[in-house]
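Residue numbers (the working numbering): 6 to 264. First up is the structure itself, then whatever we jot down about it.
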Amino acid sequence: MSYEFILVNPQIVPFVATIQLNRPKELNALNLQLMGEIRHALETFDADDSVRAIVIHGNERAFAAGADIKQMAGRTAVDMLQIDQFSTWDSIRRTKKPIIAAVSGFALGGGCELTMLCDMIVASETAQFGQPEINIGVMPGAGGTQRLTRAVGKARAMEMVLTGNFISAQEAKEAGLINKVVPVELYLDEAVKMAQKIAEKSPIAVQLAKESVLKAFDTGLQEGLYFERKNFYMLFATEDQKEGMNAFIEKRKPEFKNR
Ligand code: CAA
């Protein structure tokens, strides 16, 4: 399939794919088609054994400045309900392989929410994160009130959601929203490096580990611990577990086969 609003590279380095949001004039505003294209690309990569980790990025000026306000402005509540745009986001959330957001410039509204849907965030020093929907008479709709609050705590989330204030990359790092801040010329390389490091692990162990960490958001502690335990035990049915442990004992590098 050819895409209009994203650029994909299935192998920027071995086992790592990238998706670049590509509506630069509109600061990568997330219209419905663009989100559908991201979903399609992620589903394709999820089914492709030559991809083990995915990096989503924009350009230096913007990761994404939010949902496309021009596309939404005239819609009624019934339109919004029937279009059901967030089912696409739910599908993105179900991606099995790890996704890293590489962020420079604006990550606002739906753009900030998209970074939080990813598993890790690497940002340039110029990145700004915000939920400014309140300035246009609405509120976050793609998980911002929930994921941001879990990531940065109530005080900061309330401030961002109620005042529309942005936070810098450094503040986002200190608040625990993102993983790394690097100079602007390095943000994509650094995200790809992180993805590459994950791609060296057993893909099946990575998949179950990601699923288990995400479970912490959906459930109480005891249920989460049972879920984690089941996935941990299940990995002992894999060849990768035997290879990984034997390689450690034999002091050599493991060769994982995703089996
Ligand atoms: N939707 C549609 N178009 C957008 C956009 C958006 N979210 N953000 C920017 N653009 C467009 C602008 O309209 C402008 O287009 P024109 O050149 O045709 O006028 C172009 O991108 C460049 O933007 P600016 O001229 O505004 O650039 P700036 O540097 O002066 O300001 C900005 C940058 C502060 C990010 C500003 O563009 C802005 O405030 N954007 C909107 C941010 C926002 O409110 N995001 C939340 C959207 S709602 C949402 O996301 C709901 C949800 O939870 C899913």
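For glycine and all other residues, C-beta sits at the position ideal for the given N, C-alpha and C.
DSSP beta-bridge partners of residue i
i	result
Phe111	Ala67, Gln133
Ile139	According to DSSP, Ile139 bridges with nothing at all.
Met125	Ile105
Val187	Ser129
Ser173	Gln133
DSSP state of residue i mapped onto helix, strand, coil
i	result
Thr168	helix
Ser207	coil
Pro15	strand
Leu182	coil
Ser217	helix
Ala22	strand
Pro259	coil
Asn236	helix
Pro29	helix
Ala252	helix
Glu9	coil
Gly148	coil
Gly158	coil
Thr224	coil
Thr243	coil
Residue i vs residue j beta-carbon contact at 8 Å
i	j	result
Leu240	Leu219	no
Ile43	Ile74	no
Val108	Lys185	no
Pro279	Val60	Limits of the chain in this structure are 6 at one end and 264 at the other, which puts residue 279 out of reach.
Asp95	Asn263	no
Ala204	Ala72	no
Phe158	Cys117	For the record, residue 158 in the displayed sequence is Gly; it is not Phe. Not closer than 8 Å, so no.
Asn64	Pro29	yes
Phe171	Gly135	yes
Ala34	Ala69	yes
Ile105	Ala177	no
Arg66	Leu37	no
Met40	Thr93	yes
Glu130	Pro188	yes
Ala78	Phe50	no
Thr154	Ala162	yes
Pro137	Gly115	no
Ala156	Leu182	yes
Ala132	Ala112	yes
Leu119	Ile139	no
Leu259	Glu248	The identity of residue 259 in the sequence shown is Pro, whereas the question assumes Leu. For Pro259 and Glu248, yes; Cβs fall inside 8 Å.
Gly229	Ala221	yes
Arg152	Met125	no
Phe261	Lys206	yes
Asn27	Ile17	no
**OP:** Kindly provide the ranges of any alpha helix (DSSP H) runs that are 4 or more residues long and lie completely inside the segment 31–109, ordered along the chain.
**Re:** 37–51, 74–77, 82–88, 91–98
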